[in-house]
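Everything in the sequence shown is counted per full-length UniProt numbering, starting at 1 for the first residue and increasing by one. Reading through the structure tokens given below for one structure.
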Amino acid sequence: MTSTQSITPADIQYLLKKRGLTQRALAKKYGKSEMTISDIIRFQRTSLDLMEKIASEIGMDMETVFAERFRRVGTY
């Protein structure tokens, strides 16, 4: 993945796994359902708070991780 490539949901999953994290662990940590975490990772739901937390968990900023999501919507 280069800086010109979009980060995909699969990339996010890979980066979480690389850090030993699962959607279940994130859901428990943040008091949300696994489906909510999954929806955010798959760009199906927007929660700026959770998007920021997920990005932080993989050591990146929200704007980079979820750039594709915001391109679809057109705004943060």
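Backbone N, C-alpha and C fix where the C-beta goes; we use that ideal spot for every residue, glycine too. Here the structure is a predicted model, which is why all the values come from computation and not from measurement.
Distance check between residue 40 and each of 61, 54, 58 places 54 closest, using alpha-carbon atoms only. Judged by DSSP secondary structure, residue 35 falls within the alpha helix (DSSP H) whose first and last residues are 34 to 41.
In the structure shown, the three-state DSSP call for residue 66 is coil.
Counting along the chain, the unbroken alpha helix (DSSP H) around residue 51 starts and ends at 48 to 57. Within 10 angstroms of the beta-carbon of residue 69 lie 16 or more other beta-carbons, which makes it buried. In this chain, the alpha helix (DSSP H) harbouring residue 15 covers 9 to 18. In the three-state reduction of the DSSP assignment, residue 21 falls in the coil class.
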